[in-house]
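Q: Here the sequence shown is numbered in our numbering, starting from 604 and rising by one per residue.
Positions of the beta carbon are idealized from the N, C-alpha and C atoms, including for glycine.
Given the structure is predicted, the values throughout are model-derived calculations rather than measurements.
One structure, as structure tokens, below. Some questions next.
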Amino acid sequence: MNDPAEQLQRIYLAGFELQTFDRFPKCVGVVRDNCIALLVPGADGMQMLGTPGWRMGEVMGVLTEYGGRPVFQAKQEMVEATGERLETLRRFRQDLEELLKN
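Structure follows, in structure tokens:
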């Protein structure tokens, strides 16, 4: 079993910012390059809650489609999911998953 404290330390030392949110008291937010994921303690250490998304102020925009094009959306606010942003999100998720495994 992975130790959550060790996992969070590895994530922090790898250049991710750790945050807490009043709206999600049991979660730890992990942020890098405007990407964000929520982590929760589980049976095998920390794990991602849902899918990482794009940080939009104090909320996370989820990847969806609007008008036939990919966008990150949080309520009524939308940000275009450009190729560069999608690649940044892919690297973020891949790096975070790797750090959670070790």
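For the structure I just gave you, are there three or more beta carbon pairs, one from the segment 637-648 and one from the segment 656-667, closer than 8 Å?
A: Contact between the segment 637-648 and the segment 656-667 is present, because at least three Cβ pairs lie under 8 Å.
Q: Quick check: what's the CA-CA separation for Thr667 versus Phe675?
A: As a first step, residue 667 must be located in the sequence shown, where it is residue number 64. As a first step, residue 675 must be located in the sequence shown, where it is residue number 72. So the two alpha carbons sit approximately 6 Å from each other.
Q: Report, in whole angstroms, the separation of the C-beta atoms of Met649 and Leu703, which I expect to be a contact under 8 Å.
A: Within the sequence shown, the letter at position 46 stands for residue 649. Within the sequence shown, the letter at position 100 stands for residue 703. Yes, Met649 and Leu703 are in contact; Cβ-Cβ is about 6 Å, under 8 Å.
Q: Take Cys630 and list the residues in its own chain whose beta-carbon comes closer than 7 Å to its own, dropping the five residues that flank it on each side.
A: In the sequence shown, the residue the question calls residue 630 occupies position 27. Only Phe624, Leu641, Leu642, Val643 and Leu652 meet the Cβ criterion.
Q: Leu689 and Val633: beta carbons closer than 8 Å?
A: Here the question's residue 689 lines up with position 86 in the sequence shown. Here the question's residue 633 lines up with position 30 in the sequence shown. Against a cut-off of 8 Å, the Cβ pair of Val633 and Leu689 comes out as no contact.
Q: Between which two residues does the beta strand (DSSP E) harbouring Gly664 extend?
A: Taking the sequence shown and counting its residues from 1, one reaches residue 664 at position 61. Start and end: Val662 to Tyr669.
Q: Considering Gly686, what are the terminal residues of the alpha helix (DSSP H) in which it resides?
A: Position 83 of the sequence shown, counting from 1, holds the residue named residue 686. Run containing Gly686: Gly686 to Lys704, per the alpha helix (DSSP H) assignment.
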